[in-house]
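Numbering (our numbering), first residue to last: -4 to 88.
The following block contains the structure:
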C-alpha cells in the first residue's frame, strides 16, 4: 500500500537546492519520505498490506498528513514555488 500527499510544484529556479533540502529533510523523517513525480513534490509512505492492522494504517495516514502540513508552506516560501492546491497563474497573452 502506498499513501501520498502532494505538497508543492517544483520551482523553476533553484531546483538543485530544493533537491538537497529534500534529501536533508528525508534524513530526519520516519515512516515516510519526500519524493517527486511529474514535477510535484510528494510525501510518500509505503508498507506491505500483509499483516497490516487498522492502527498501523491510521498511523501511516496521520504521519503523511502531519509531514505534509508541516512542510508544504515552508518549502513554498523558501523556494518560491506554487503550492499543489493553488491554481496556476493565468498566462498573459
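We treat Cβ as the ideally placed atom computed from N, Cα and C, and that holds for glycine.
{"Item": "From this set, 69, 75, 79 and 76, which residue's C-alpha is nearest residue 20's C-alpha?", "Value": "69"}
{"Item": "Using the beta-carbon count (16 or more within 10 Å), is residue 0 buried or exposed?", "Value": "buried"}
{"Item": "Can you tell me which residues form a DSSP beta bridge with residue 41?", "Value": "-3"}
{"Item": "Based on DSSP bridge pairs, tell me the residues matched to residue 28.", "Value": "39"}
{"Item": "Give me, in chain order, the residues of the same chain whose beta-carbon lies closer than 8 angstroms to that of residue 16; leave out the 5 immediate sequence neighbours on both sides.", "Value": "70, 73 and 74"}
{"Item": "May I ask you to report which of helix, strand or coil DSSP gives residue 80?", "Value": "coil"}
{"Item": "Residues in its own chain within less than 8 angstroms of residue 12 by CB, not counting five upstream and five downstream?", "Value": "74"}
{"Item": "Which of the three DSSP states is assigned to residue 5 in this structure?", "Value": "coil"}
{"Item": "Quick one: what does DSSP say residue 62 is sitting in, helix, strand or coil?", "Value": "helix"}
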